[in-house]
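Visitor: Take a look at the following structure, please.
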Amino acid sequence: MHLASSDCTCQECGAGLRQIGQDASEVLEYQPGVFKVMRHVRP
């Protein structure tokens, strides 16, 4: 999810918001002679 820059501040105190975690998964694909790592990162 991406927020507009106006949504990246606290409505109460005006402080900037920051990311507190993320979820990532990787899938290793093998084709003869080729390896691929597909990485998906979700906030």
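For what it's worth, the working numbering labels the leading residue of the sequence shown as 1, then goes sequentially. Cβ atoms here follow ideal geometry from the backbone N, Cα and C, with glycine treated the same way.
Please look up how many angstroms separate the CB atoms of Gln22 and Pro43, rounded, as I've assumed it's under 8 Å.
Guide: Sequence index remark: in the sequence shown, residue 22 carries index 22 (1-based). Sequence index remark: in the sequence shown, residue 43 carries index 43 (1-based). That belief holds up - the Cβ atoms of Gln22 and Pro43 are roughly 5 Å apart, short of 8 Å.
Visitor: Could you compute how far the alpha carbon of Arg18 sits from the alpha carbon of Thr9?
Guide: Walking along the sequence shown from the start, residue 18 turns up at place 18. Walking along the sequence shown from the start, residue 9 turns up at place 9. Whole-angstrom Cα-Cα distance: 9 Å.
Visitor: What residues in its chain sit with their C-beta under 8 Å from that of Glu26, if we drop five residues either side in the sequence?
Guide: Your numbering for residue 26 matches position 26 in the sequence shown. Val37, Met38, Arg39 and His40, listed in sequence order.
Visitor: Quick one: Cα of Ile20 to Cα of Asp7, how far?
Guide: For the purposes of this step, residue 20 is taken as the residue at position 20 of the sequence shown. For the purposes of this step, residue 7 is taken as the residue at position 7 of the sequence shown. Cα to Cα, Ile20 sits roughly 16 Å from Asp7.
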